[in-house]
Structure formats: structure tokens, C-alpha cells
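Engineer:
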Amino acid sequence: MAQSFPLPVFDGKTPLYDQLYRHIAGAIQSGALSPGAKLPSKRRMCALTGLSMSTVETAYSLLAAEGYVLAKPRSGYVCAHLLLPGPAPAPPPPEAAPAAPPARWAYDCSTSAVDVSVFPFSSWARITKEAVYENPGLLQRGHPQGDEPLRAELARLLAQYRGVRCSPEQVVVGAGADYLLSLLLQLLGPHRAIALEDPGYPAAYAAAALHGREAVPIPVDGEGMDWSALEQSGAGLAYITPSHQFPLGVTMPAGRRSQLLHWAASAPDRWLIEDDYDSEFRYASRPIPALQGLDRAGRVVYMGTFSRSIAPAIRVAYMILPRPLAERYHETFSHGACTVSRFEQESLRRFIAQGLYGRHLRRAGNLYRRKCALFTGALSEIPGVSISGAEAGLHFLLTLPRFSELELVDRAAEASVRVHPLSRYCHNLAPKPSTVVLGFAGLTEEELLQAAGLLARAWA
Numbered sequence: 001m002a003q004s005f006p007l008p009v010f011d012g013k014t015p016l017y018d019q020l021y022r023h024i025a026g027a028i029q030s031g032a033l034s035p036g037a038k039l040p041s042k043r044r045m046c047a048l049t050g051l052s053m054s055t056v057e058t059a060y061s062l063l064a065a066e067g068y069v070l071a072k073p074r075s076g077y078v079c080a081h082l083l084l085p086g087p088a089p090a091p092p093p094p095e096a097a098p099a100a101p102p103a104r105w106a107y108d109c110s111t112s113a114v115d116v117s118v119f120p121f122s123s124w125a126r127i128t129k130e131a132v133y134e135n136p137g138l139l140q141r142g143h144p145q146g147d148e149p150l151r152a153e154l155a156r157l158l159a160q161y162r163g164v165r166c167s168p169e170q171v172v173v174g175a176g177a178d179y180l181l182s183l184l185l186q187l188l189g190p191h192r193a194i195a196l197e198d199p200g201y202p203a204a205y206a207a208a209a210l211h212g213r214e215a216v217p218i219p220v221d222g223e224g225m226d227w228s229a230l231e232q233s234g235a236g237l238a239y240i241t242p243s244h245q246f247p248l249g250v251t252m253p254a255g256r257r258s259q260l261l262h263w264a265a266s267a268p269d270r271w272l273i274e275d276d277y278d279s280e281f282r283y284a285s286r287p288i289p290a291l292q293g294l295d296r297a298g299r300v301v302y303m304g305t306f307s308r309s310i311a312p313a314i315r316v317a318y319m320i321l322p323r324p325l326a327e328r329y330h331e332t333f334s335h336g337a338c339t340v341s342r343f344e345q346e347s348l349r350r351f352i353a354q355g356l357y358g359r360h361l362r363r364a365g366n367l368y369r370r371k372c373a374l375f376t377g378a379l380s381e382i383p384g385v386s387i388s389g390a391e392a393g394l395h396f397l398l399t400l401p402r403f404s405e406l407e408l409v410d411r412a413a414e415a416s417v418r419v420h421p422l423s424r425y426c427h428n429l430a431p432k433p434s435t436v437v438l439g440f441a442g443l444t445e446e447e448l449l450q451a452a453g454l455l456a457r458a459w460a
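Next comes the structure, spelled out in C-alpha cells:
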């Protein structure tokens, strides 16, 4: 061997073959063993290191398998030619003192939380176990749009509860509404401006930016997205939440719905994206049928999720594509796989088919109705407070004119209660003055009363 071999120092922490392998590989990587250098024969290595023949053979085999050494007939093992890394970068300057940990709120009025106490743990555990043990075929690759039995069950459920008209072939199942929106924007092609509600759902603006689309904020008035502003926007897509607008809580009436449907049908390749946000929970009236059920031109893409009605961790969402888009989806994405586990799909199908989902919705709806009434009732006792958007969903708006929006948020934070400024969801539109957004689903009834008491003192 032309180059002296650096002997390793062994310890008892890892297997000896692994230590020898790592020692030689490190020497080759660092340049201590140059390209073409010959390693000691196996017998010589045994003599140098005191290792057994099987240990040395295992280490050499690993080095050869990973390309660090080459086995040459009648010559033994030689080091491979590797491109060595450049010099190590200079160490970074000493870090400043770590930032203070994020504030811990005693009460977080989050708009995305749900009440986990109402989750049907025993039923979900039972059907999940059944899905695993009774369906070994679910280990195989499934349909890219989601398994047909679940899509058929969703089509039946949506027809019954939301007035949606579709076949299973139009249903696409995916891991979350944001993922499906991203998929849809890819499907609809590039360079199309998209009209978004202002104020509106921040993730929709993020999805538009991610796919290089121009986001056109359209004001939301007392009936939803402003139709005349949409007409003048030049957009080819419009993303709307007609059942319970986020965050204003507006329910779009029939007249405005017909105007938007007319807009979509009046030019080629125009589409409405209906996000049926919070449609499951209404406290003052029956649920409003989906806009999709009124669509006769086939221009509405309907989107829904179980994140609110069951739990955010149930990462199952769905969209209903008009038939031309369903055919385009099949041509474009049929090579892929559904992003939701087939076992979770089957569990959800059983949950719906056995009537457990309907029962859970009734229980959750009654609980949230009671919570909403309790929280809004306590907050309404604060002098000057007005509340809007509490007829449905899991959040509402609170306005208190004697303070600015910033003062409302800061005073609440000083009392360890987290509320959200309405301006967080606004883009071009100036927010309604002195208004904050409060969610109530994630707090217990006792916590809601305690939070209301703290806010009453903070905003006195």
C-alpha cells in the first residue's frame, strides 16, 4: 500500500464492522486516503486491527456497496475517486440571546378550534378497527380521486343535506381544503386572475400567490361578494364563501347568488369556487342550500371539509367538479394517488353510512348553539358592544366604538385573552372600525364566561 493506513480507535458503543466502515469512509471523504490508494488486504486488516475476518469482510462489503472503494481482481480494494467538498464555511457569529417564548394565552378565542369533548371517540375507534381488520385490500393503491364507496357516500350526503347535485365521478377527495384549492388552481390553467373576498380567507390569497395568479380583492357587503365589482375585475375565477362568509359571517341571499351564477355563465371558462365554510352550524334558521345546487350551467366547483364538523386532525376534504373539469382532472392527475389514507377513507364512509355523522352533527350543533348564546350574552353586557355574524358558524364579530381595533386587541392581550383584529383579513378594503373577531368553539362554557369577564374589565 503506497499510503499509510490510519488505524481506527474502537469503542464499545456500536458494532465493530460499523466503526471500521465509518472510519475508512471518513478517511476517503476527508482526503486522508487519496483516490486510487490501496486498502490493506482483509488478512492484513485483521492483523492490524485485531478484528475477525467476518467483521472486516462486512465493513469492506459496505464500502464497496456504497462506492467508497472498488474491488479490482488480483489487486484487492482501492479508494474510489470522490469530489471532495470545499472548505468548511466560517462559523456563524455568536447568536444573540434567545427571544422570549411566545405569549401563552389563558384564553384563546381561536376561529379554527373545535370542542374535542364532543368527538365520538368510542364510535370512531370501533369503526377504525373494523376498517383495518375487515378490509385488507385497503393496503393496495386506491383510486386517485378517493375510493368510490366514500365518494358515493359523500354524493348521497351532500344531496341530502346541502342540495348538491353530483355523481361519484365528480367527487375528488384530498387531505385538506387548502390542498384541494391548490390542485384546482393547477387544473384551471395558468395566468387567470382570481377574485377573492375582501375581507376574506387568508389561505386563498396564499394559494393564489403560490400559483402565480393575480389576486383581485373584491369587497364584501351585507350580501356577500360585490357583484358589480366582480364584473369590472377582469377575473375568470371567483372564490366565495356564500353560506357563512369568513370572517364577516354574511349569508348570501338568493338574489346575489343568481347574479354570481349569471356572471359565471356569461363568458367562456369562468368558474365560481364555492367554499361551503361553516355551513353545518346554523342557530337561527335551517341550513341554506349550497349555491352549486342552483347552478344550471355547470360553472360551480363545490368544496367542503370535515375539519370543522368533526375535527381539524381529520384531514379529509372534498371538491365537486363540474363534468368538464372532472374529465380534465382525470386526464391530468389520474397518474397520482389520493392523499388521504384508504383506511381513514373507509372509517369516514362507515361513520357517515351508519348515521353516526348525522348524530354527531346534532350533538355538536346543540353544544355550539349553547356556547355561542352564552358567550355573546355575556359580552353583550359590556356597555356599547354590538355583535354580528353570530347566527351561524363558530365565530362572530364584536364592535366597541370607544376603542380602536388595536386598543381592543392590546387590552385583551393584557388580560391574557387572544382576539383577532378584523384588519388581519382585509386587503384593499378598510376594516369596519373598532371590530375584532372571536371564536368560541375551543373553549369550555366555564372558560367562555371567564374570558368574557376579563374582556369586560379590559374594555371598561
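First residue of the sequence shown? That's 1 in the numbering used here, and the numbers climb one at a time after it. Note that CB positions come from ideal geometry on N, CA and C, so glycine has one too.
Which same chain residues, not among the five before or five after Pro101, have their C-beta less than 7 Å away from its C-beta?
Structural biologist: Start at 1 with the first residue of the sequence shown, and residue 101 comes out as number 101. Unreliable positioning characterises Pro101 in this predicted model, as indicated by a pLDDT of 46, which lies under 50. The coordinate reading is nonetheless provided below. Result list for Pro101: empty, nothing under 7 Å.
Engineer: From the DSSP output, read off the bridge partner residues of Pro217.
Structural biologist: Along the sequence shown, one-based indexing puts residue 217 at 217. Partner(s): Leu196.
Engineer: Can you find the residues in the same chain that come closer than 8 Å, C-beta to C-beta, to Tyr179, ignoring five residues on each side of it along the sequence?
Structural biologist: The residue you call residue 179 lines up with position 179 of the sequence shown. Answer for Tyr179: Ala317 and Thr339, listed in chain order.
Engineer: Per DSSP, what kind of secondary structure is Pro101 in: helix, strand or coil?
Structural biologist: Position 101 of the sequence shown holds residue 101. With a pLDDT of 46 at Pro101, under the threshold of 50, the modelled position of that residue is not reliable, and the figure given next carries that caveat. Correct three-state label for Pro101: coil.
Engineer: The beta strand (DSSP E) with Glu274 in it runs from where to where?
Structural biologist: Position 274 of the sequence shown, counting from 1, holds the residue named residue 274. Where Glu274 is concerned, the enclosing beta strand (DSSP E) stretches over Trp271 to Asp275.
Engineer: For a quick check, are the C-beta atoms of Val171 and Arg192 less than 8 Å apart?
Structural biologist: The count along the sequence shown starts at 1 and reaches residue 171 at position 171. The count along the sequence shown starts at 1 and reaches residue 192 at position 192. Not closer than 8 Å, so no.
Engineer: Measuring only the C-alpha atoms, how far is Ser52 from Cys46?
Structural biologist: Here residue 52 refers to the residue found at position 52 of the sequence shown. Here residue 46 refers to the residue found at position 46 of the sequence shown. Going from the Cα of Ser52 to the Cα of Cys46 covers about 6 Å.
Engineer: Any chance the stretch 103-122 sits against the stretch 432-441, with 3 or more Cβ pairs inside 8 Å?
Structural biologist: yes
Engineer: Leaving out the 5 sequence neighbours to the left and right, which residues in its chain are closer than 8 Å to Ser380 when beta-carbon positions are compared?
Structural biologist: In the sequence shown, residue 380 corresponds to position 380, counting from 1. Cβ neighbours of Ser380 beyond the five flanking positions: Ile387.
Engineer: Could you please give the first and the last residue of the uninterrupted beta strand (DSSP E) stretch that includes Met461?
Structural biologist: Because the chain here runs from 1 to 460, residue 461 falls outside it and cannot be looked at.
Engineer: Quick one: give me the first and last residue of the beta strand (DSSP E) that Leu237 is part of.
Structural biologist: In the sequence shown, counting from the first residue as 1, residue 237 sits at position 237. Segment Leu237 to Ile240, the beta strand (DSSP E) holding Leu237.
Engineer: DSSP three-state label for Gly174, please.
Structural biologist: Counting from one through the sequence shown, the residue named residue 174 turns up at place 174. Reduced to three states, the DSSP call for Gly174 is strand.
Engineer: Leaving out five residues on either side along the sequence, give the residues of the same chain with a beta carbon under 7 Å from the beta carbon of Arg213.
Structural biologist: Start at 1 with the first residue of the sequence shown, and residue 213 comes out as number 213. Same-chain partners within the cutoff: Leu185, Arg192, Ala193 and Ile194.
Engineer: Is the distance from the Cβ of Ser243 to the Cβ of Asp221 below 8 Å?
Structural biologist: Working through the sequence shown from its first residue, we reach residue 243 at position 243. Working through the sequence shown from its first residue, we reach residue 221 at position 221. For Ser243 and Asp221, no; Cβs fall outside 8 Å.
Engineer: For Gly67 and Leu39, which I take to be in contact (beta-carbon distance under 8 Å), what is that distance rounded to the nearest angstrom?
Structural biologist: To locate residue 67, count along the sequence shown from 1; it is residue 67. To locate residue 39, count along the sequence shown from 1; it is residue 39. Actually they do not touch by this definition, with Cβ atoms about 14 Å apart.
Engineer: At the level of alpha carbons, what is the spacing between Thr49 and Pro92?
Structural biologist: Within the sequence shown, the letter at position 49 stands for residue 49. Within the sequence shown, the letter at position 92 stands for residue 92. Distance between the alpha carbons of Thr49 and Pro92: 39 Å.
Engineer: Does the separation of the CB atoms of Val436 and Leu408 fall below 8 Å?
Structural biologist: In the sequence shown, the residue the question calls residue 436 occupies position 436. In the sequence shown, the residue the question calls residue 408 occupies position 408. Closer than 8 Å, so yes.
Engineer: Could you name each continuous alpha helix (DSSP H) segment of 4 residues or more that falls completely within the stretch 118-195, going from the start of the chain to the end?
Structural biologist: List check, alpha helix (DSSP H) in window: 121-134, 148-162 and 177-187.
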